[in-house]
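Engineer: The opening residue of the sequence shown carries number 1 in UniProt numbering; numbering runs sequentially from there.
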Amino acid sequence: MSDYLVIVESPAKAKTIERYLGKRYKVKASMGHVRDLPKSQMGVDVNHQYEPKYITIRGKGPVLKELKTAAKKAKKIYLAADPDREGEAIAWHLAHSLNLDISSDCRVVFNEITKDAIKESFKHPRPINMDLVDAQQARRILDRLVGYNISPLLWKKVKKGLSAGRVQSVALRLIIDREKEIQHFQPEEYWTIDAKFLKDQDTFQATFYGKAGKKVALKSEEEVKAILSTIQGNEFQLASVTKKERKRNPAPPFTTSSLQQEAARKLNFRAKKTMMLAQQLYEGIDLGKEGTVGLITYMRTDSTRISEVAQKEAYDYVKTTHGEEFTTKGVTKKDKKQSNAQDAHEAIRPTSILKEPNSLKNSLSRDQLRLYKLIWERFLASQMAPAIMDTVSADVVNGEITFRATGSKIKFAGFMKVYVEGSDDGQEEKEKQLPNLEVGDKVKAEDIDPKQHFTQPPPRYTEARLVKTLEELGIGRPSTFAPTLDTIQKRGYVSLDNKRFIPTELGEIVHELMVEFFSDIIDVEFTAKMERDLDGVEDGQVEWVQVIDEFYKGFEQHLVKAEAEMEQVEIKDEPAGEDCESCGHPMVFKMGRYGKFMACSNFPDCRNTKAIVKEIGVKCPKCSEGNIIERKSKKRRIFYGCDGFPECDFLSWDKPIERKCPKCEQLLVEKKLKKGVQIQCTSCDYKEEPQT
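#1: Can you look up Glu563 in the DSSP assignment and give me helix, strand or coil?
#2: Report the start-end ranges of each alpha helix (DSSP H) in the stretch 215–289 that is 4 residues or longer and not cut off at the edges.
#3: Can you tell which of Asp605, Lys180, Ala576 has its C-alpha closest to the C-alpha of Lys596?
#4: Quick check on the burial criterion: 16 or more other C-beta atoms within 10 angstroms. Buried or exposed for Gly161?
#5: Is the Cβ-Cβ distance between Leu37 and Ile488 less than 8 Å?
#6: Which same chain residues, not among the five before or five after Leu154, have their C-beta less than 6 Å away from its C-beta?
#7: For Lys266 and Ala464, I'd like the C-alpha separation in whole angstroms.
#8: Just to confirm before moving on: does the CB-CB distance between Phe412 and Ile348 stay below 8 Å?
#9: Using a threshold of 8 Å, state whether the C-beta atoms of Ala195 and Phe403 are closer than that.
#10: Please give the ranges of any beta strand (DSSP E) in the stretch 553–628, keeping only runs that are unbroken, at least 3 residues long and fully inside the region.
#11: Roughly how many whole angstroms lie between the Cα atoms of Ile502 and Leu295?
#12: Would the stretch 182–193 count as touching the stretch 216–229 if we require 3 or more Cβ pairs under 8 Å?
#13: Enumerated in chain order, which unbroken segments of the alpha helix (DSSP H) with a length of 4 residues or greater are wholly contained in the stretch 373–439?
#14: Using a C-beta cutoff of 8 Å, does Val216 count as contacting chain D?
#15: What are the complete alpha helix (DSSP H) segments, minimum 4 residues, inside the stretch 100–173?
#16: Among the residues of its own chain, which have a CB less than 7 Å from the CB of Asp573, if the five just before and after it don't count?
#17: Indicate whether Leu360 and Val418 have their beta-carbon atoms separated by less than 8 Å.
#18: Closest to Lys26 by C-alpha separation, out of Ala14, Lys614, Val34, Arg35, would be which residue?
#19: Which first and last residues belong to the beta strand (DSSP E) in which Arg300 is found?
#20: Where in the UniProt domain "Toprim" (3–121) do unbroken runs of the beta strand (DSSP E), each at least 3 residues long, occur, reported from the N-terminal end onward?
#21: I want to know whether the stretch 241–250 touches the stretch 447–456 - three or more CB-CB distances under 8 Å.
#22: For a test of the three-state rule: what should DSSP assign to Leu667, helix, strand or coil?
#23: Consult DSSP for Lys337 and reduce its assignment to one of helix, strand or coil.
#24: How is the alpha helix (DSSP H) around Glu496 delimited, first residue to last?
#25: Among all the DSSP beta bridges, which residues are the ones paired with His453?
#26: Cβ atoms of Arg460 and Arg491: under 8 Å apart, would you say?
#27: Could you spell out where the alpha helix (DSSP H) holding Ile509 opens and where it closes?
#28: DSSP puts Tyr640 in a beta bridge; with which residues?
#29: Report back the beta-carbon spacing between Ala80 and Val6 to the nearest angstrom; my notes put them in contact at under 8 Å.
#30: In this structure, how does DSSP classify Asp486 when only helix, strand and coil are distinguished?
#31: Following the continuous beta strand (DSSP E) through Gln205, name the residue where it begins and the one where it ends.
#32: Closer than 6 Å by C-beta to Lys468: which residues in its own chain qualify, once you throw out the five before and the five after it? Chain order, please.
#33: If the criterion is Cβ atoms closer than 8 Å, does the pair Arg248 and Met384 meet it?
#34: Are the CB atoms of residue 700 and Phe236 nearer to each other than 8 Å?
#35: For Asn340, which residues in the same chain have their Cβ closer than 6 Å to its Cβ, ignoring the five residues on either side in sequence?
#36: Since Tyr461 is in the alpha helix (DSSP H), which residue starts that stretch and which ends it?
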């Protein structure tokens, strides 16, 4: 018989913690929540202080029975769910189901699953924090009131299976607003003039800056010709050379949001995948002789704070492996805390910087290792000295015309030796060296190249950009970003094209109804205020019932109006232009969970469906008879194959093009790069310049 029973959420977490606590402790998993609001009804009594009706989740009966049996045998029970609102609520529901006193010292929290952290946390058990529980309850009840009132309306007026939530409706609005910006965008013409200059035997690039010492923006070909006509000969002179030393500070360690963004940029991970892998690294990985070990700290956080112990360990590691000049000299730059950050616990970091990624290759899957390496490098770099850049700016003149050249060189790599933060456009800072230039030097213009450009519309949202925007606007919290993005895709409100969100016709219909009848719910500032109010509940500054009541009084009025005035929306099936091979009736396009598909218009008498075939205008290079078509794998990844499959098994992940390789006459494909597309040969080393 064990003296103590510890209950956590997952078996992996239980296995790791049990190793650290010893034989007197039995650690069991609740498999997440054991109680929740019922799925079959609202479960919230709006007439009696929004009292929630909790029931045991279907399928959790055996788990709960096992926990109750173990609880009867234990002298003391500890609830060790995750250190956030959701974890506190899980502990509260468990306490209710097991008849524990919530005011007793039954709650244990830790930010990392390491031996020292676990043992220290069990020295300081505390009562369940009802402010945290109430904040989670308030969010859950708010979402239930919105979802279970609006969704049935959408089912009745539009189609079954739709939903509308607070955060997902705002995310959809951002995507649709961006699409409208793109559609209404009016490109503006502008020009640049680049020049290549020769100084002794060295060449360098400069760009037209202005005239008579003033910056000039070129908007037409006529303006460019006027500038070029004033340049006399090809001899220029250095009018000014400015040399500066610039410090570049490292990015702070990861929060949930920045981890999702950087994993998307550098590893091509979706937010959902990033969080799944991070959960595995947090709960523990079997390292062989060392046993199961938690490799990172808790992954749902909006704080960049780091413990003094972790800072000291990182300082010693940097000093030993890179040298004292790469250390922060014991001082770590404190990042400005966002006004909407809860700062509940530390940033995401390795539990020990001594667990180098290379040492874990045999214990981690490929994707686990890639994410761990990203977290490990980001944290280490954040604890290193700033990089020092030597920058040069030189003005080259001919009469009144000025060209400007800029260059930079890394004088001291600092943190850049380990890690450099990515960017949404894939353009990371690069060195661009200039030859030794002095004021008065004469240089020759070898080539002056004017180019016409047009301003581009704002880019569509990627997952990373959308997460960043939601965070900046104060919409949602670390635990909500990934589920929100997942939901709007599953509902068919948006689709992904080249990793960018595009609203579907269905998404636009639902959005228009929300704008007309529930404008508050999709209002960015209103939703951000709701998040701040929930934070106020967590901090004990406001009662959760008050927050819900303030929202529901206005919402109920909108609901009554919508039920009376919302008209039926008919989504007409679009003719596919071909007949069903089974019954002869016309085929139509329908919208499914994963986008459009073809179905027989004689449904339900005929249930024939088929995928939409998209030809790319290229003959199959293998059989020479079939046509190459775009297809999708089970994981929704696009690939290209012959329409004669299975007789012809040609397959390519890269898009084939009609032209043949000029060197060997074999197939050319479009290879996607971080910064664009490059045409390459599949048989020889032929490559063309990348197209951005």
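Here a beta-carbon is modelled for each residue, glycine too, at the ideal position from N, C-alpha and C. On a predicted model such as this, the values are computed, not experimentally measured, just so you know.
Structural biologist: Considering the structure as presented:
#1: Locating residue 563 in the sequence shown gives position 563, counting from the first residue. Helix.
#2: 221–229, 256–267, 271–283
#3: Residue numbering aside, residue 596 sits at position 596 when the sequence shown is read from its first letter. Here the closest residue by C-alpha is Ala576.
#4: Within the sequence shown, the letter at position 161 stands for residue 161. Its Cβ having fewer than 16 others within 10 Å, Gly161 is exposed.
#5: Taking the first residue of the sequence shown as position 1, residue 37 is located at position 37. Taking the first residue of the sequence shown as position 1, residue 488 is located at position 488. It is not a contact, given that the beta carbons lie outside the stated cut-off.
#6: Taking the sequence shown and counting its residues from 1, one reaches residue 154 at position 154. These residues qualify, in order along the chain: Leu162.
#7: One-based indexing of the sequence shown puts residue 266 at position 266. One-based indexing of the sequence shown puts residue 464 at position 464. So the two alpha carbons sit approximately 11 Å from each other.
#8: Locating residue 412 in the sequence shown gives position 412, where the first residue counts as 1. Locating residue 348 in the sequence shown gives position 348, where the first residue counts as 1. Going by C-beta atoms, Phe412 is not nearer than 8 Å to Ile348.
#9: Translated into the one-based positions of the sequence shown, residue 195 becomes position 195. Translated into the one-based positions of the sequence shown, residue 403 becomes position 403. Cβ distance < 8 Å, so Ala195 and Phe403 count as in contact.
#10: 574–579, 586–592, 595–600, 614–619
#11: Here the question's residue 502 lines up with position 502 in the sequence shown. Here the question's residue 295 lines up with position 295 in the sequence shown. Approximately 37 Å between the Cα atoms of the pair.
#12: yes
#13: none
#14: Protein chains in the displayed structure number just one, and chain D is not present.
#15: 115–121, 130–157
#16: Within the sequence shown, numbered from 1, the residue matching residue 573 stands at position 573. Within the same chain, Asp573 has close Cβ partners Val588, Phe589, Lys590, Ser601.
#17: What you label residue 360 is simply residue 360 of the sequence shown in a count that begins at 1. What you label residue 418 is simply residue 418 of the sequence shown in a count that begins at 1. Cβ atoms of Leu360 and Val418: not closer than 8 Å.
#18: For the purposes of this step, residue 26 is taken as residue 26 along the sequence shown, with counting starting at 1. Closest by alpha carbon: Ala14.
#19: Numbered from its first residue, the sequence shown carries residue 300 at position 300. From DSSP, Arg300 is part of no beta strand (DSSP E); its letter is neither H nor E.
#20: 4–8, 25–29, 76–79
#21: no
#22: Counting from one through the sequence shown, the residue named residue 667 turns up at place 667. Three-state result, Leu667: strand.
#23: On the sequence shown, position 337 is the one that residue 337 refers to. The pLDDT assigned to Lys337 is 45, lower than 50, so where the model puts this residue is not dependable; a value taken from the coordinates is nonetheless given after this. In this structure, Lys337 counts as coil in the three-state DSSP scheme.
#24: Looking up residue 496 in the sequence shown gives position 496. What sits at residue 496 in the sequence shown is Leu, not Glu. That residue, Leu496, is in no alpha helix (DSSP H); its beta strand (DSSP E) goes 494–497.
#25: Walking along the sequence shown from the start, residue 453 turns up at place 453. DSSP lists Tyr190 as partners of His453.
#26: Numbered from its first residue, the sequence shown carries residue 491 at position 491. Numbered from its first residue, the sequence shown carries residue 460 at position 460. No, these two residues do not count as a Cβ contact at 8 Å.
#27: Position 509 of the sequence shown, counted from the first residue, corresponds to residue 509. Counting along the chain, the alpha helix (DSSP H) containing Ile509 begins and ends at 505–517.
#28: By 1-based counting over the sequence shown, the position of residue 640 is 640. Beta-bridge pairing links Tyr640 to Glu630, Ser652.
#29: Residue numbering aside, residue 80 sits at position 80 when the sequence shown is read from its first letter. Residue numbering aside, residue 6 sits at position 6 when the sequence shown is read from its first letter. Ala80 to Val6, Cβ: 5 Å. Contact.
#30: Looking up residue 486 in the sequence shown gives position 486. It is helical.
#31: Taking the first residue of the sequence shown as 1, we reach residue 205 at position 205. Residues 202–211.
#32: Residue numbering aside, residue 468 sits at position 468 when the sequence shown is read from its first letter. So the list reads Gln261, once near-sequence residues are dropped.
#33: Here residue 248 is taken as the residue at index 248 of the sequence shown, counted from 1. Here residue 384 is taken as the residue at index 384 of the sequence shown, counted from 1. For Arg248 and Met384, no; Cβs fall outside 8 Å.
#34: The question about residue 700 has no answer here: the residues shown for the chain are numbered 1 through 692.
#35: Translated into positions along the sequence shown, residue 340 becomes position 340. Bear in mind that a pLDDT of 45 at Asn340, under 50, signals an unreliable position, so the number given afterwards is only what the model happens to contain. Result list for Asn340: Gly474, in chain order.
#36: As a position in the sequence shown, residue 461 is number 461, starting the count at 1. Taken as a continuous stretch (DSSP letters only), Tyr461 belongs to no alpha helix (DSSP H), as it is neither H nor E.
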